[in-house]
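Start counting the sequence shown at 15; every next residue gets the next number (our numbering).
Take a look at the structure set out below.
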Amino acid sequence: ATSVQAGLWPLLASVVVGSGIGLYYYLKVVLTMLEPGLSTEKRARAGVNPVNATLIALAFLTLALGVFPEPLMELLKIVEK
Numbered sequence: 015a016t017s018v019q020a021g022l023w024p025l026l027a028s029v030v031v032g033s034g035i036g037l038y039y040y041l042k043v044v045l046t047m048l049e050p051g052l053s054t055e056k057r058a059r060a061g062v063n064p065v066n067a068t069l070i071a072l073a074f075l076t077l078a079l080g081v082f083p084e085p086l087m088e089l090l091k092i093v094e095k
């Protein structure tokens with residue numbers, strides 16, 4: 015409501031689009047979780063590969079930066095000077 019009063023329509027539109035994309039993505043994840051499980055052979059072949067390892071590392075990095083953003087902010091302040 016404040017963004018509408020301030021006339022920040024591009025910002026509001028980007029939030030709505032981002033929320034829609036997130037909703038689509040997470041619904042796909044939930045639907046995948048509800049599908050019948052993989053056989054043990056397929057699970058063995060689907061083990062850790064470079065793509066999965068990268069995704070796991072990025073997920074932990076995102077979580078860490080979300081919980082502890084101060085070190086990154088301090089680094090950015092130093093770089094800015």
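Built from N, CA and C at the ideal position, the CB exists for glycine as well.
I'd like the span of the alpha helix (DSSP H) that includes residue i, first residue to last.
i   : result
K95 : Unbroken run through K95: none, as it is neither H nor E.
F74 : 64–81
P50 : Segment: none, P50 is in no alpha helix (DSSP H) and carries neither H nor E.
In whole angstroms, what is the alpha-carbon distance linking residue i and residue j?
i    : j   : result
V44  : T16 : 33 Å
S100 : L89 : An answer regarding residue 100 cannot be provided, because it is not within the stretch 15 to 95 covered by the chain.
L69  : L48 : 21 Å
L75  : F82 : 10 Å
L86  : V65 : 25 Å
G32  : L77 : 19 Å
Thinking residue i and residue j are a contact (beta carbons under 8 Å), I'd like their distance in whole angstroms, please.
i   : j   : result
V18 : L26 : 7 Å
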